[in-house]
Amino acid sequence: MSFPSNLAGLLVAGPSAVLLKATLVLVLALLLAVIWRGKSAGQRHLVWSAAVAATLLVPLFATRPSFRWDLAVLPAPAPLATTTGQAAPAAVAPTPEVVVLPGGSDAAVPASPVATRSVPASWWARSSWAERLFALWLAGGALVLLRLLVGALLVARTVRRAEPLDTPEWQHPLMDVADRLGLAELPRLRLSRRLPMPFACGLFRPAIVLPGEAETWSAKRRHAVLCHELAHLSRRDLAMNLLSQCALAVYWFHPLMWIAIRRLRVESERACDDLVLNTGTRASEYADHLLQILRAVSRAPMPAAVLPFAQRGEFEGRVLAILEPHARRDPAGRRGAATIFALGLLLVLPLATLRLVPRATPATPEQWASGLLAPGADTSQVMRTQERTSTVERKAVKEVVSPAPASTDRPEPRPDPRPDPRVSAAVPMAPSATGSDSALVIRSLINALTDSAASVRQNAVYSLGRLGATVAATPLQGVLVRDPNAGVREMSAWALGNMRAPGSIQAVAAAIARDTSARVRATAVWAAGQLSTPELLPVLEVALRDGQKEVRLRAAWAIGTIRPEHAPAALLAAAADSQAAVRHKVAWALGQIRDPGSLPALLRLVQDSASEVRELAFWALGNQEPGPAVETALLKALEAPDPGIRAQAARALSGARGTPWPWPWPMPR
1465 MSFPSNLAGL LVAGPSAVLL KATLVLVLAL LLAVIWRGKS AGQRHLVWSA
1515 AVAATLLVPL FATRPSFRWD LAVLPAPAPL ATTTGQAAPA AVAPTPEVVV
1565 LPGGSDAAVP ASPVATRSVP ASWWARSSWA ERLFALWLAG GALVLLRLLV
1615 GALLVARTVR RAEPLDTPEW QHPLMDVADR LGLAELPRLR LSRRLPMPFA
1665 CGLFRPAIVL PGEAETWSAK RRHAVLCHEL AHLSRRDLAM NLLSQCALAV
1715 YWFHPLMWIA IRRLRVESER ACDDLVLNTG TRASEYADHL LQILRAVSRA
1765 PMPAAVLPFA QRGEFEGRVL AILEPHARRD PAGRRGAATI FALGLLLVLP
1815 LATLRLVPRA TPATPEQWAS GLLAPGADTS QVMRTQERTS TVERKAVKEV
1865 VSPAPASTDR PEPRPDPRPD PRVSAAVPMA PSATGSDSAL VIRSLINALT
1915 DSAASVRQNA VYSLGRLGAT VAATPLQGVL VRDPNAGVRE MSAWALGNMR
1965 APGSIQAVAA AIARDTSARV RATAVWAAGQ LSTPELLPVL EVALRDGQKE
2015 VRLRAAWAIG TIRPEHAPAA LLAAAADSQA AVRHKVAWAL GQIRDPGSLP
2065 ALLRLVQDSA SEVRELAFWA LGNQEPGPAV ETALLKALEA PDPGIRAQAA
2115 RALSGARGTP WPWPWPMPR
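Residue numbers (our numbering): 1465 to 2133.
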């Protein structure tokens, strides 16, 4: 067989064609990643994600005949010689085996079945090279999936036996970062002494597992680690990790797939690092956190089903990327992700469905002479006719070998196309899509607000808030004011704030001023910020003098969200609050309002003992109208020992008015 024929067989064969197309996709992704090396890690991660997903789409579409389109570009096979008029070769009679008799005679006698029995050959010896390769491929893929399954079981056991971290010093930063990243549900936070590295896991029930050394971490390190792991959950990296492991099970033998999986993991970690740095964490501090955590753990491998905080093989590259001052750290938005995946789909679909086939076979002189082809006839039509003829012949042979059973006199029964009225009457009708079922659900939830069990009432309130059922605003106001259970009242305040019902002002104000539960008052203050109406400013000024810190800081946030024309006197007085967290929110609110009368309070906050308060106060000063007092304060800040404060002052002097992270929504968890 010639070389062109070998090449044609390779390109037409199914597995070889799929492998060739997947290789082309990975090569294109590698070239694009090199071209985009100046882009952010999030954008490069999208490229590798699209490439890995495309390698799974290639065999999916290539095995569907309805999606194929043939391109006849390969050399045509040699024409077959006709055998018309030739005699069939005579059958060769089998030669009888010779059995040597004990007496020395070598007469030719037929060998008995016992004498010709031999040991059956093994499957490996009887199988073809294609079957052996298929068995090796299955074994390799099974090992990859087995490693993933064992790792998932180990992680599930670790999470189940780990200690829950429910203390405020862990839950408060967890809620803070989760709300900043827009996570609808909090993951489980666990402490385990079995695995040495922090990691995120759980596709359907996400969890963050921290090592035993986490008990000694500082507040900044806790914030950085939680922000990194929550970034994995926000970016859906766990789902992409599972998809990449499935792709590895299919292409485990392909070196480019291993490179793609590694680059996907590296770019995922760097994209999460960029998100941590964008929240305000200094690059030097974050690199130090990474180094200290790696020094404290052993070299034990992590399961493939988790996303560890750091790995030794990636440490140097990550630190260089973190400390790079000019690196782009903008996240890949939904529009960019949709664009990359759409372009990838437009590339993969034609590539996956393309099949290179040989050109039509040229007609032989015998075919022309026999009248099968007339001059100018279409050879493809003849080929299709021959295919149909071959199909009919094969069917006829099958019927001869396996004859059909004799037909009976009674005809085979056929189904009646008419519906049975008895069945139609017995089957209940499905609810209509006119919206009456939604009204029934909301009405049932409103009726559940009077249930005797507090847990039922609380969950009913939560469901109404999630549904945004504004028709339930009036009953929820009554629950907020009169329900005996504090948890139900707190959930009612959250629901009213979530649906932003305008008629809820009086009930929310009453809860802020008179409720005996600090949690209810704090959530009602959050609801007031959601309603964002100046009518609630008097009661929010009262909340600024509340005995609970959480109520006061949320009141400052709510006033900054409403953004009145002038800063209230109570907000200016709160600049001297005993709690740094409250002063921090006061500085943020003053920066939002931009009242020239708040300049004395801001000048007092730039000298605060807490560095976080000073940094935000300088940001608020940068938002004020420029003047001699503001310029003097900022110039003095350039001499501060804290580099973060000097950076804020330098940015404010340039006239830049950035926007810090907004205060997270304190949703009841």
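For each residue, glycine too, the CB sits at the ideal point set by N, CA and C.
Let's test the definition: count the other Cβ atoms within 10 Å of the Cβ of residue i and tell me whether it reaches 16, buried, or not, exposed.
i: A2084; result: buried
i: E2014; result: buried
i: V1689; result: buried
i: A2100; result: Residue identity differs from the one stated: residue 2100 is Lys in this sequence, not Ala. Exposed, by the Cβ-count rule.
i: T1622; result: buried
i: L1610; result: exposed
i: R1596; result: exposed
i: W2137; result: Outside the shown range of the chain, which is 1465 to 2133, sits residue 2137, and nothing can be said about it.
i: H1705; result: Sequence inspection shows Asn at residue 1705; the His mentioned does not correspond to that position. Buried, since its Cβ has 16 or more Cβ neighbours within 10 Å.
i: V1864; result: Its pLDDT being 39, under 50, V1864 is placed unreliably in this model, and the value from its coordinates should be taken loosely. It is exposed - the Cβ of V1864 has fewer than 16 other Cβ atoms within 10 Å.
i: A1481; result: buried
i: Q1970; result: exposed
i: R1700; result: exposed
i: F1467; result: Low confidence applies here, because F1467 scores a pLDDT of 39, under 50, leaving its location unreliable; read the following figure in that light. Under this definition F1467 is an exposed residue.
i: V1498; result: exposed
i: E2089; result: exposed
i: L1784; result: exposed
i: F1773; result: buried
i: P1662; result: buried
i: S2062; result: buried
i: F1598; result: exposed
i: E2103; result: exposed
i: W1958; result: buried
i: E1733; result: buried
i: A1889; result: Because the pLDDT at A1889 is just 34, under 50, the model does not fix this residue reliably, and the value given afterwards should be weighed accordingly. Label assigned to A1889: exposed.
i: L1681; result: Residue identity check: residue 1681 is Trp in the sequence provided, not Leu. Buried, by the Cβ-count rule.
So which of the options has the shortest CA-CA distance to residue i?
i: Q1635; options: R1686, L1613, T1997 and A2031; result: R1686
i: P1670; options: P1719, V1619 and Q2043; result: V1619
i: A1802; options: A1514, R1734 and D1752; result: A1514
i: S2075; options: S2062, R2058, G2061 and Q2112; result: Q2112
i: Q1507; options: R1644, R1953, L1728 and L1492; result: L1728
i: L2160; options: D1752, Q2056 and A2038; result: With the chain running from 1465 to 2133 in the structure shown, residue 2160 is simply not present.
i: E1693; options: A2093, D1737, L1629 and S1968; result: D1737
i: V1614; options: Q1922, A1982, W1681 and A1769; result: A1769
i: R1953; options: G1932, V1989 and I1499; result: V1989
i: L1607; options: I2109, L1712 and S2062; result: L1712
i: Q1788; options: A1747, E2095 and L1771; result: The residue asked about is misnamed: residue 1788 is Glu in this sequence, not Gln. Residue A1747 is the option with its Cα nearest to E1788.
i: A1695; options: A2093, A1977, L1647 and I1910; result: L1647
i: E1627; options: W1601, L1659 and E1649; result: L1659
i: Q1709; options: N2087, G1605, L2066 and E2079; result: G1605
i: S2042; options: I2023, G2011 and A2033; result: G2011
i: Q2056; options: R1776, D2072, Q2071 and F2082; result: F2082
i: T2025; options: A1616, L1483, A1991 and W1601; result: A1991
i: P1767; options: E1749, L1617, N1911 and E2005; result: L1617
If residue i and residue j are in contact, beta carbons under 8 Å, what's the gap, nearest whole angstrom?
i: L1510; j: A1796; result: 5 Å
i: T1934; j: A1965; result: 5 Å
i: S1956; j: L1995; result: At roughly 14 Å, the Cβ-Cβ gap does not stay under 8 Å, so S1956 and L1995 are not in contact.
i: A1678; j: L1655; result: 6 Å
i: A2007; j: R1985; result: 7 Å
i: K1503; j: R1792; result: 6 Å
i: A1806; j: L1490; result: Incorrect: roughly 19 Å between the Cβ atoms, too far for contact.
i: A1982; j: N1949; result: About 15 Å separates the two Cβ atoms, so there is no contact after all.
i: L1667; j: A1703; result: 6 Å
i: A2065; j: L2054; result: 6 Å
i: V2077; j: A2044; result: 6 Å
i: A2034; j: V2003; result: About 11 Å separates the two Cβ atoms, so there is no contact after all.
i: L2000; j: V1972; result: 7 Å
i: D1925; j: V1905; result: For the record, residue 1925 in the displayed sequence is Val; it is not Asp. Not really, about 14 Å apart at Cβ, beyond 8 Å.
Does the beta-carbon of residue i, which I'm using as the reference point, lie nearer than 7 Å to any heavy atom of the ligand MN?
i: E2029; result: Of ligands this structure carries none, so the ligand MN is not represented either.
Please tell me whether residue i has its Cβ less than 8 Å away from any Cβ of chain D.
i: V1489; result: Among the protein chains of the structure shown there is no chain D, as only one such chain exists.
Ordered list of alpha helix (DSSP H) runs contained in the segment 1618-1667, each at least 4 residues: Scanning the segment 1618-1667 for uninterrupted alpha helix (DSSP H) segments of 4 residues or longer gives 1632-1644, listed from N- to C-terminal end.
The segment 1624-1638 / the segment 1740-1750 touching (three or more Cβ pairs under 8 Å): Cβ pair count under 8 Å is below three, so no.
The segment 1955-1963 touching the segment 1923-1937, judged by at least three CB pairs closer than 8 Å: A contact exists between the segment 1955-1963 and the segment 1923-1937.
Segment contact, 8 Å Cβ cut-off, at least three pairs: the segment 1511-1519 with the segment 1710-1721: At 8 Å Cβ cutoff, the stretches touch.
Inter-stretch contact at 8 Å, needing at least 3 Cβ pairs: the segment 2049-2069 / the segment 2015-2024: The segment 2049-2069 is in contact with the segment 2015-2024.
Alpha helix (DSSP H) segments (min. 4 residues) lying fully within the segment 1744-1805: If we require 4 residues or more, the alpha helix (DSSP H) runs fully inside the segment 1744-1805 come out as 1747-1760 and 1779-1787.
Entirely enclosed alpha helix (DSSP H) segments - the segment 2064-2102, minimum 4 residues: Correct list: 2075-2087 and 2092-2101.
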